[in-house]
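Contents: one structure, followed by commentary.
Residue numbers (full-length UniProt numbering), protein chains in the order written: chain A, 1 to 444; chain B, 1 to 484.
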């Protein structure tokens, strides 16, 4: 296949899966492609892309990722978030890899595997997820999520039955193995928790250095009443990697969605999280931390939609910008007309370590109900000279003192991750970053 | 009237093609509807402007043709037909009411609530022209002379274009260029009036300057242009508007205000805007699309914007500061109150260019009824803004469950030593506070006015004293009918 620029979006749909799934699935894909064509490839003239310029990515000539090389569990990255005795699903270049995954350890009531397999066997029961209003809205307003929908063919399906409480985290690993030239993949994840189900997911995205891998991921999260999902993600793509991801979470009554994203790797990352608080008493806590250095661009964009009364949300993001690293945070809280009793908070803090670093922040409140308590805060600045002086006066050298303060700064956000093992693994990754080893160091 | 045969001939020389019907219109002192190069030549000729001014207007007009009306603001209004507007109409003395007895009692009630003296009420209601009031004239004339003696230039901008072309040419458009935005560009092409202020070096202007004293120019047009220059070490406080409700037959207002502060100069610009907001459905209210910008060009200069916005159906306004000089300071204090169907999209831009520049933004928004209000602001720290600081606080208060309050700040920092802090809250009037006031015997409306005044206090305090007192009352009046 010849390489095509990303923005041209010539549909290299998998003919095998395209034929399956009946009329409705074809219609979902078609709606995705139409949505993309209508909106066009994002440019800085799109308000939502004001600070993240994709034009270089759009011009990149890409192919479909190469066939997955034969890998074994020994080839998995050494600096994983979780040990090997945890149930895991591994995706290479957006495709499920059965040999690398370990589904035997999945507890009862949990079904997980490849989206492609489900699309070929029993796609019908995914229909409510793919056709829910939030997914349709994403197709209409997020051009690249629409494109992903157009190419929907493989990725993750994870379903947890009502009332099932999963002990310990599940591990999901996404690997990018570069091809001869740049590649583009559109992995799609569908995560559904039944009423009262509980789970923690530790998700990582990483890649091998080489030709750029462009990942255009969309993850649907649907939480039933009283369900609780802790969704922890590490975005540590290869230095040339581009990661454009959207999470679309629909949160039912009294359910709780805890999202945490630590972004360290990739040349350009756009992490978009949209949460729809869809039932009374729903809660969402969307947090994250990021660190960018030379030439890196990290964008976190969060949209929390308070569609019902008495829902609660909070956002906390902390970012460190080094060298010519650039950080972007766009957070929006929408409180709809009748969403009385809403509690919505948001805070973004950025630490600029060197001249040349840049941060652009757009925290937004859009409020149509009066009985609300909403606030947002944003700060940007350099390291506190007094704190630095204090540490140095205690005999700590400047280098170490700086590293300590950077870690402490990010740790503020990391502490919101409830699972201890995952939190420690993330802290370790932050230290790796400090040591200048942000990208994965594994062998194939 | 100066529309002599000579003017007509000049015009013909300039345009080269003059239609007969047009000449009649000159005599009628009103340009035909629509916007074209001919109209601009006509305006320029009527103002007896020099060639460079006309050229500038035409450049702006040609650029305007390439622009599209902005749609990013969170306001909706019917499509404006820019060719269906008179861009020039000579101020005429209209037949007003003969005495206060003939004036709308509702208007009089508002005046008395604001505590406006009887003589001033007569002026505001149009019973008497300002120049007919003996006191005012003498006061104004005295002040004018006093100011002139000190070297202050305070005159209509059209006069400044003729009398002080070197100053105007140097500074006009230097802060808001003719290419700036749709409405500002249109203003450049067609502005007919406004104020010009020049404060000479080292002078602290001894009185507040206000359009109120700029007699003969009370009928400020819909495309106003204000230019204020504070030379090195000078200081001036300028007041725009008044608390009394103002009705105007022009629905579209697109003003431009430019402030320039040189080394160690200070400019304080206060606005109280209470234009007709339309009926309860917002019909017929004024559209206020204003571009206001100040440049702190010199070291240690300071520009301070204070605004109390209670009127207009649609407000689109972002008084901004370009902090170019080292150690310069920009301030923005704003109270915006919207009720019924009013819409306001307002805020500020603070562009930190120089070292150790500081800015402070305090915005208080109160939305009631079915109104919609947006704070939209930008704080930008450029790479050279070493040690710059910004603190922004925007609070919104919602009264009733049919209104909307939005906050859209943009924060861009490209200097690690620059410190930016932004905080925003949205809430409604606390039930506890309301209950406390009610049980102390205040009526619901009094209680709301009291609480809202407390909410805005930080901003109202920055107004010049005589404005502050009236503004407090205005806050209460603007919210009438929003509770209970």
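Positions of the beta carbon are idealized from the N, C-alpha and C atoms, including for glycine.
key: Burial state of residue 84 of chain A, where buried means 16 or more other Cβ atoms lie within 10 Å   = exposed
inquiry  = Below 7 Å on C-beta distance, what does residue 354 of chain A contact in chain B?
reply    = 416
key: Rounded separation between residue 406 of chain B and residue 242 of chain A - CA only   = 33 Å
inquiry  = If the criterion is Cβ atoms closer than 8 Å, does the pair residue 225 of chain B and residue 182 of chain B meet it?
reply    = no
task = Compute the distance between the beta-carbons of residue 335 of chain B and residue 379 of chain B, then report whether it is under 8 Å.
result = no
key: Short Cβ contact (8 Å threshold) for residue 171 of chain A with residue 77 of chain A   = no
message = Comparing C-alpha positions only, which one of B/286, B/429 and B/229 sits nearest to residue 76 of chain B?
response = B/286
query = Given a threshold of 16 other Cβ atoms within 10 Å of its Cβ, counted over all protein chains shown, does residue 207 of chain B qualify as buried or as exposed?
reply = exposed
ask   = Hey, would you say residue 351 of chain B sits closer than 8 Å to residue 332 of chain B, going by beta carbons?
value = no
ask   = Should the segment 430 to 438 of chain B be regarded as contacting the segment 393 to 410 of chain B, the criterion being three or more beta carbon pairs within less than 8 Å?
value = no
For residue 234 of chain B, the first and last residue of its enclosing beta strand (DSSP E) = First-last for residue 234 of chain B: undefined, no H or E at that position.
task = State the DSSP-derived secondary structure class of residue 134 of chain A, mapped to helix, strand or coil.
result = helix
message = Please confirm whether residue 434 of chain A has its beta-carbon closer than 8 Å to some beta-carbon of chain B.
response = no
request  = Report the residue ranges of all alpha helix (DSSP H) runs contained in full by the segment 32 to 96 of chain B; include only those spanning at least 4 residues, in chain order.
outcome  = 37 to 46 and 51 to 64
request  = Mark residue 330 of chain A as exposed unless 16 or more other C-beta atoms lie within 10 angstroms of its C-beta, in which case mark it buried.
outcome  = buried
Own chain partners of residue 459 of chain A with C-beta closer than 7 Å, once the 5 adjacent residues on each side are dropped = This structure does not reach residue 459 of chain A, given that chain A is present from 1 up to 444, and the question cannot be answered.
task = Establish whether the CB of residue 425 of chain A and some CB of chain B are separated by less than 8 Å.
result = no
task = Indicate the three-state DSSP secondary structure (helix, strand or coil) for residue 383 of chain A in the structure shown.
result = coil
key: Expected contact under 8 Å - CB spacing of residue 357 of chain A and residue 416 of chain B to nearest Å   = 6 Å
Nearest to residue 290 of chain A (by Cα), restricted to the options A/135, A/273, A/263 and A/148 = A/263
ask   = Quick one, are the C-beta atoms of residue 173 of chain A and residue 153 of chain A less than 8 Å apart?
value = no
query = Residues of chain A with a CB under 7 Å from the CB of residue 352 of chain B: which are they?
reply = Residues of chain A passing the Cβ test: none, with the nearest at roughly 12 Å.
inquiry  = Which same chain residues end up closer than 6 Å to residue 107 of chain A when comparing Cβ atoms and leaving out the 5 residues on each side of it in sequence?
reply    = 166
query = What number of angstroms, rounded off, separates the C-alpha of residue 57 of chain B from the C-alpha of residue 382 of chain B?
reply = 32 Å
request  = Tell me, please, whether the CB atom of residue 363 of chain A is closer than 8 Å to any CB atom in chain B?
outcome  = yes
request  = Quick one: residues in its chain with C-beta nearer than 8 Å to the C-beta of residue 455 of chain B, no 5 flanking neighbours on either side, listed in chain order?
outcome  = 364, 366, 395 and 397
Segment limits, beta strand (DSSP E) that includes residue 450 of chain B = Residue 450 of chain B -> not in any beta strand (DSSP E); alpha helix (DSSP H) instead, spanning 444 to 460.
key: For residue 271 of chain A, the three-state DSSP class (helix, strand or coil)   = strand
task = Measure the beta-carbon distance from residue 224 of chain A to residue 195 of chain A and round it to whole angstroms, keeping in mind my assumption that it falls under 8 Å.
result = 4 Å
task = Note down the Cα distance separating residue 477 of chain B from residue 452 of chain B, rounded to an integer number of angstroms.
result = 11 Å
message = Measuring straight from C-alpha to C-alpha, what distance separates residue 405 of chain A and residue 384 of chain A?
response = 9 Å
message = Distance cutoff 8 Å, beta carbons only. Does residue 349 of chain B sit that close to anything in chain A?
response = no
request  = Under 6 Å Cβ to Cβ from residue 255 of chain B, same chain only, skipping five residues before and after it: list those, please.
outcome  = 224 and 290
message = Quick check: residue 246 of chain A and residue 138 of chain A, are their CB atoms within less than 8 Å of each other?
response = yes
key: Backbone CA spacing between residue 253 of chain A and residue 302 of chain B [nearest angstrom]   = 52 Å
ask   = For chain B, is any of its Cβ atoms less than 8 Å away from the one on residue 7 of chain A?
value = no
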